[in-house]
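Everything on this sheet refers to the single structure shown next.
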DNA sequence: GTCTATACTGAGATAGAC
DNA sequence: GTCTATCTCAGTATAGAC
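Chains as they are written, first to last, in full-length UniProt numbering: chain R, 1 to 198; chain U, 1 to 198.
Here it is as C-alpha cells:
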C-alpha cells in the first residue's frame, strides 16, 4: 500500500522509520529462510543500514519481534487501576483484558505473520515467555496498588494471564466467536476447574 | 560426603562426574563474578576440561543450570497418571505436586545457591521460564491422557504450575511451615480467588 | 580437537535535523 | 552551534561445523 520502495539510496534517517524497516525486514527474512539462517547483517542490509545500527535499535536478534509489549502492558495496568474499587482481583483482570481486545485486534496482522516463526524457533519462544512474565510482573504491581496482598497478587496476575493466553489460543483456532466471547469462556472454565478443589 | 577433592591433577574422566564438576564450577564462577563475566572457557578450566568438553555436555551456557528438570517432569507426569480415575484436573495436579515434595527438598541446597544468580541474570530467567513451560506441556499431555479435553487441559496445567510456583515462593520466604502446607494454602487461595468470578 | 561464522560490544568519526 | 542517528573499525565469545 505504501509507495516507498528501496529504489533510492538516500533513505531517510528518521529513527522510528528505520526501526520499522528493520522489523519488517527481519520478519520477511525469518519467514523466507528461518531465524538461525538469518544474520543480523542480512536484516540490516535489507533495511538499508549497517549491522551496528540494527543492534542500536534492538539489543539482540530476538527483541526485533517483541516491541509491542510495552504498549499492551501500559494499557493493561491502566485498565486494572481504573476498575471500580472493591472489585476482586480476577474479575478486575478479566475486565482489563476485555479492554485490551481492540489493541490485540489491531496488532493481529503482524502477530499472525510472526506466530509461525516463533513456534518454530526456541530462542524466540523463550523471549516470548520472558515478555509474558514481564506483563505478569506489571499486573502484580497493579493489583498490589489496589490493595491485594502480596502472595495473592502474584498468583492472580499469573493465573489471569494464563486464562487470557488460553482465550487467545482458542480464538486463533476458532475465529467464529470473537475474543470477548473466548475470554468469558476461558475465565468461566477457570472458575469451574478451581471449584473442584477442596 | 564424597571423598574426591581437586587436590590431584589427574582428575577422573568419567562423563557424569565431569558433568557435575562443570555444574559446580559454573555455579561458583557465576556467583563470584557474575554470569556474563564468566566465559565457557573459565568454567571448563576450573573443571579441568577443555571448552569443547563443556559444550559437549551442555548445549549452551544457560543449560548448565537447568538439568534436573527431566527428573521432575517424569515424576510429575507419573504422579498425574497414578491419581485415582475420576479425580478432577486441578486436584490431580495438586496431588502430583505433593508427591514431588521430597524431590524438591532434596534439590533445595543447589537450588538455593542458584536462585540469586538466576534472579540477577535475564538470560537465565528466560531459560528458567522455558523449562517451566516444558513442564507445563508435559502436564498438559498427562491430563489429556486422563481424558481432559484439550483447551481445559492446557489451562489447568498452566494454572496448576503457577500455584505450585506460588507455594514454592512462599516456602522460600517462610520456612516455618513445610512445603505441603504451603501447597494446600496456595491451591486454596486459587479456589477462593476463582470463586469471585461470575 | 581445530576452525570458523556470527552475535554482540565499544570508541571515535561523520552526517542530518533542529 | 547542539543533538542524535548512523557509520567505521576493531574486538571478544558463543556455538556449530568439520
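We treat Cβ as the ideally placed atom computed from N, Cα and C, and that holds for glycine. Please read all numbers here as calculations on a predicted model, not as lab measurements.
Cβ shell of residue i (< 8 angstroms), same chain only, five flanking positions each side left out
i, result
"residue 127 of chain R", "62, 63, 65 and 66"
"residue 33 of chain U", "none"
"residue 8 of chain U", "Unreliable positioning characterises residue 8 of chain U in this predicted model, as indicated by a pLDDT of 40, which lies under 50. A coordinate reading is not provided."
Residue i and residue j closer than 8 angstroms at C-beta
i, j, result
"residue 197 of chain R", "residue 54 of chain U", "no"
"residue 190 of chain U", "residue 194 of chain R", "yes"
"residue 75 of chain U", "residue 41 of chain U", "no"
"residue 110 of chain R", "residue 30 of chain R", "no"
"residue 49 of chain U", "residue 159 of chain R", "no"
Selection from the options that minimises the alpha carbon distance to residue i
i, options, result
"residue 86 of chain U", "U:148, U:14, U:37 and U:100", "U:148"
"residue 69 of chain U", "U:137, U:48, U:152 and U:185", "U:137"
"residue 202 of chain U", "R:132, R:73, R:163 and R:108", "Any answer about residue 202 of chain U is impossible in this case: the structure gives chain U only from 1 up to 198."
"residue 173 of chain R", "R:112, R:23, R:90 and R:89", "R:112"
"residue 108 of chain R", "R:179, R:58 and R:152", "R:179"
"residue 168 of chain R", "U:168, U:140, U:151 and U:157", "U:151"
"residue 83 of chain U", "U:98, U:72, U:71 and U:106", "U:98"
"residue 170 of chain R", "R:161, R:181 and R:160", "R:181"
"residue 102 of chain U", "U:120, U:72, U:175 and U:124", "U:72"
"residue 124 of chain U", "U:146, U:145, U:185 and U:60", "U:60"
"residue 213 of chain U", "U:15, U:16 and U:35", "Past the boundaries of the shown model lies residue 213 of chain U; chain U is included only from 1 to 198, so the question cannot be answered."
"residue 175 of chain U", "U:105, U:52 and U:45", "U:105"
Nonlocal neighbours in the same chain, by C-beta distance under 6 angstroms from residue i, ignoring five residues either side
i, result
"residue 80 of chain R", "92, 96 and 142"
"residue 207 of chain U", "Here chain U comprises residues numbered 1 to 198, so residue 207 of chain U is not present and cannot be evaluated."
"residue 37 of chain U", "none"
Buried or exposed (CB count within 10 angstroms, at least 16 for buried), residue i
i, result
"residue 130 of chain R", "buried"
"residue 122 of chain U", "exposed"
"residue 89 of chain R", "buried"
"residue 39 of chain R", "exposed"
"residue 78 of chain R", "exposed"
"residue 3 of chain U", "The predicted position of residue 3 of chain U is uncertain, since its pLDDT is 38 and thus under 50; a value taken from the coordinates is nonetheless stated next. Exposed, by the Cβ-count rule."
"residue 6 of chain U", "Bear in mind that a pLDDT of 40 at residue 6 of chain U, under 50, signals an unreliable position, so the number given afterwards is only what the model happens to contain. By the neighbour-count rule (16 or more Cβ atoms within 10 Å), residue 6 of chain U is not buried but exposed."
"residue 166 of chain U", "buried"
"residue 94 of chain U", "buried"
"residue 114 of chain R", "buried"
"residue 16 of chain U", "exposed"
Contact test: residue i Cβ vs the ligand SAH heavy atom, cutoff 7 angstroms
i, result
"residue 148 of chain R", "For the structure depicted, the ligand SAH is absent and the ligand set is empty, with no information on it obtainable."
Cβ shell of residue i (< 7 angstroms), same chain only, five flanking positions each side left out
i, result
"residue 19 of chain U", "57"
"residue 43 of chain R", "22, 25, 26, 29 and 54"
"residue 161 of chain U", "132, 135, 136 and 139"
"residue 12 of chain R", "Its pLDDT being 48, under 50, residue 12 of chain R is placed unreliably in this model, and the value from its coordinates should be taken loosely. Once the five neighbours on either side are set aside, residue 12 of chain R has no close Cβ partner at all."
"residue 145 of chain R", "81"
"residue 51 of chain U", "40, 41 and 44"
task: Check distances from the C-beta atoms of the region 51 to 78 of chain R to those of chain U and list, in chain order, the residues that come in under 7 angstroms.
output: none
query: For the region 132 to 143 of chain R, which residues have a beta carbon sitting closer than 7 angstroms to at least one beta carbon of chain U?
result: 133
field: Members of the region 88 to 120 of chain U near chain R, C-beta cut-off 8 angstroms
entry: Correct list: 88, 89, 90, 91 and 94.
- request: Name, going along the chain, the residues of the region 28 to 48 of chain R whose beta-carbon falls closer than 8 angstroms to a beta-carbon of chain U.
  value: none
field: Contact set between the region 152 to 169 of chain U and chain R, restricted to residues whose Cβ is under 8 angstroms from the partner
entry: 152, 154, 155, 156, 158, 159, 162, 163, 165, 166 and 169
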